[in-house]
Structure formats: C-alpha cells, structure tokens
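**Student:** Numbering (numbering that gives the first Met the number 0) for the sequence shown: 0 to 196. Every residue gets a Cβ at the ideal spot worked out from N, C-alpha and C, and that includes glycine. Being a predicted model, the structure only gives us computed values, none of them experimental. Mind looking over this structure? Questions follow.
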Amino acid sequence: MLVGIISGFHAASGPIKLRFRNDIANIHHLTLDIAPFDDHLTFKQGQMEARMAETVKFGATAPLTPIDVQTFSKSADRERLSGVALKAFRAIVEHWSLSNGEAAALLGVSDSTWDRIKRGSWEQPLSQDQLTRASAAIGVYKGLHLLFADPMADQWPKLPNRGPIFQRKSPVDAMIDGGIPLMLETRRYVDAVRGGL
C-alpha cells in the first residue's frame, strides 16, 4: 500500500485533484472520482490506490512516505519555534487574564522562569513539553475565537464549566491540574464544539 501526505486539493468542477509529496519533496498530482453521498464526500479506495500506483510508476523516484509529524522533538525545531510560541503565549495570558502562577503552571515552568519569559529576557528554547503546552494553548485560543465573539472567547477559559472533561472547574484550572493530556483534550473539545459535534 502506498502512503503519501495530501497537502492540498482543488475542486473547481468535476473530479477533485489532490497533491501529495514523497520524502524527496517531489509533488505528484492525483485525480479522484468523488461523488456526493448524504452531504459527505466518498470515493472508491481501490481507484485511489491504483492511481497512486500509476503516479509512482510514471513519475516518482522514491517511495511515498508521510511528511514528518510535528512532535517538537528536534532541537532545531524548538529553537525556530520557541520565540513565536512564547510571544503568542504571552498574548494569550493577557487575553485570558491569567495570574503569573496560572501562566507558569500552564506552560510548565517555574514562577521565576515565567517572570523572565514575561519580561522578554528568556533566551533559551522551550523544551518539547513546554512547546507542546504552548501549542495546545494557542490551539484552544484560536478555536475559541472561531467559536465565540472576542469577549466570550477570552472569558471562557476562566469560567466554571460543566463539560465532561472539566468537572465543574474552569478550563484553565482543569488544564493546569491535568497537564498536557488535558490541554490537548481541551483543544479537541473546543474543536469538536466548533465543528458541531
């Protein structure tokens, strides 16, 4: 079975055209016959695999593999992303009106480290854990602003919540208590509510 990452699609009229890439960054195009069915798109998997095989046969020079999943495990990625993540996280702390202790706990740093981050004097890249926490908070923030008007989006994280994952705590308190797993679950929860699930 061939594996590729779909990086974009185009559907003006007629079949949908997908782009995917292999591990040497060659772009390949694939056309799928997709038919509407109960407001969902369906396609015949056999046709997709056959056409992907044709694409590889006639153009690919290497087997197709997924693009690296972002886990923040590479130090170069952490160095590159830490500054932007911290800038966004500081803005979120202001929008959500978090205390210094809440901000430090949510990011997984000590109070003194948070003070340096807040002042802008933190020069080190974030750890994998800290970058994952910042990413989850950014995702929650973005999802809330797509779901609610700005004032409610910024108040929601500090309001007591009866949602099944929060146990009547505020989402911020629940995320602090639950760490990364609950931060990621909160992000999925907000995305699910936004998607109407």
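With a threshold of 16 other CB atoms inside 10 Å of the CB of R79, please say whether the residue is buried or exposed.
**Tutor:** Position 80 of the sequence shown holds residue 79. By the neighbour-count rule (16 or more Cβ atoms within 10 Å), R79 is not buried but exposed.
**Student:** Going along the chain, which residues of its own chain have a beta-carbon closer than 6 Å to the beta-carbon of P156, five neighbours each way excluded?
**Tutor:** Walking along the sequence shown from the start, residue 156 turns up at place 157. So the list reads W95, P170 and V171, once near-sequence residues are dropped.
**Student:** Report the CB separation of I164 from L143 in whole angstroms; it is logged as a contact under 8 Å.
**Tutor:** The residue given as residue 164 occupies position 165 in the sequence shown. The residue given as residue 143 occupies position 144 in the sequence shown. Actually they are not in contact, since the Cβ atoms of I164 and L143 sit about 15 Å apart, beyond 8 Å.
**Student:** For N99, does the three-state DSSP call read helix, strand or coil?
**Tutor:** For the purposes of this step, residue 99 is taken as residue 100 along the sequence shown, with counting starting at 1. In the structure shown, N99 sits in a helix (DSSP, three-state: H, G or I).
**Student:** What's the C-alpha gap between G177 and V139?
**Tutor:** If you number the sequence shown from 1, residue 177 lands on position 178. If you number the sequence shown from 1, residue 139 lands on position 140. Their Cα atoms are separated by approximately 15 Å.
**Student:** Whole angstroms are fine: how far does the CA of V189 sit from the CA of A173?
**Tutor:** In the sequence shown, residue 173 corresponds to position 174, counting from 1. In the sequence shown, residue 189 corresponds to position 190, counting from 1. The straight-line gap from Cα to Cα measures roughly 14 Å.
**Student:** Please state the DSSP three-state secondary structure of L125.
**Tutor:** For the purposes of this step, residue 125 is taken as the residue at position 126 of the sequence shown. Coil at L125, not helix or strand.
**Student:** Thinking C-alpha only, which one of R167, A135, K141 and Q166 is nearest E184?
**Tutor:** Indexing the sequence shown from 1 puts residue 184 at position 185. Ranking the options by Cα distance to E184, first place goes to A135.
**Student:** Where does E101 land, buried or exposed, given buried means 16+ other C-beta within 10 angstroms?
**Tutor:** Start at 1 with the first residue of the sequence shown, and residue 101 comes out as number 102. Buried, because 16 or more other Cβ atoms sit within 10 Å of the Cβ of E101.
**Student:** Whole angstroms are fine: how far does the CA of V83 sit from the CA of G168?
**Tutor:** By 1-based counting over the sequence shown, the position of residue 168 is 169. By 1-based counting over the sequence shown, the position of residue 83 is 84. With the sequence shown as reference, residue 168 is identified as Lys, and Gly is not the correct amino acid for it. Computed Cα separation, rounded: 29 Å.
**Student:** Classify Q129 as buried or exposed, calling it buried when 16 or more other Cβ atoms lie within 10 Å of its own Cβ.
**Tutor:** As a working note, residue 129 is residue 130 in the sequence shown. So Q129 ends up on the buried side.
**Student:** Go ahead and pull the three-state DSSP assignment for K73.
**Tutor:** Sequence index remark: in the sequence shown, residue 73 carries index 74 (1-based). Here K73 sits in coil by DSSP.
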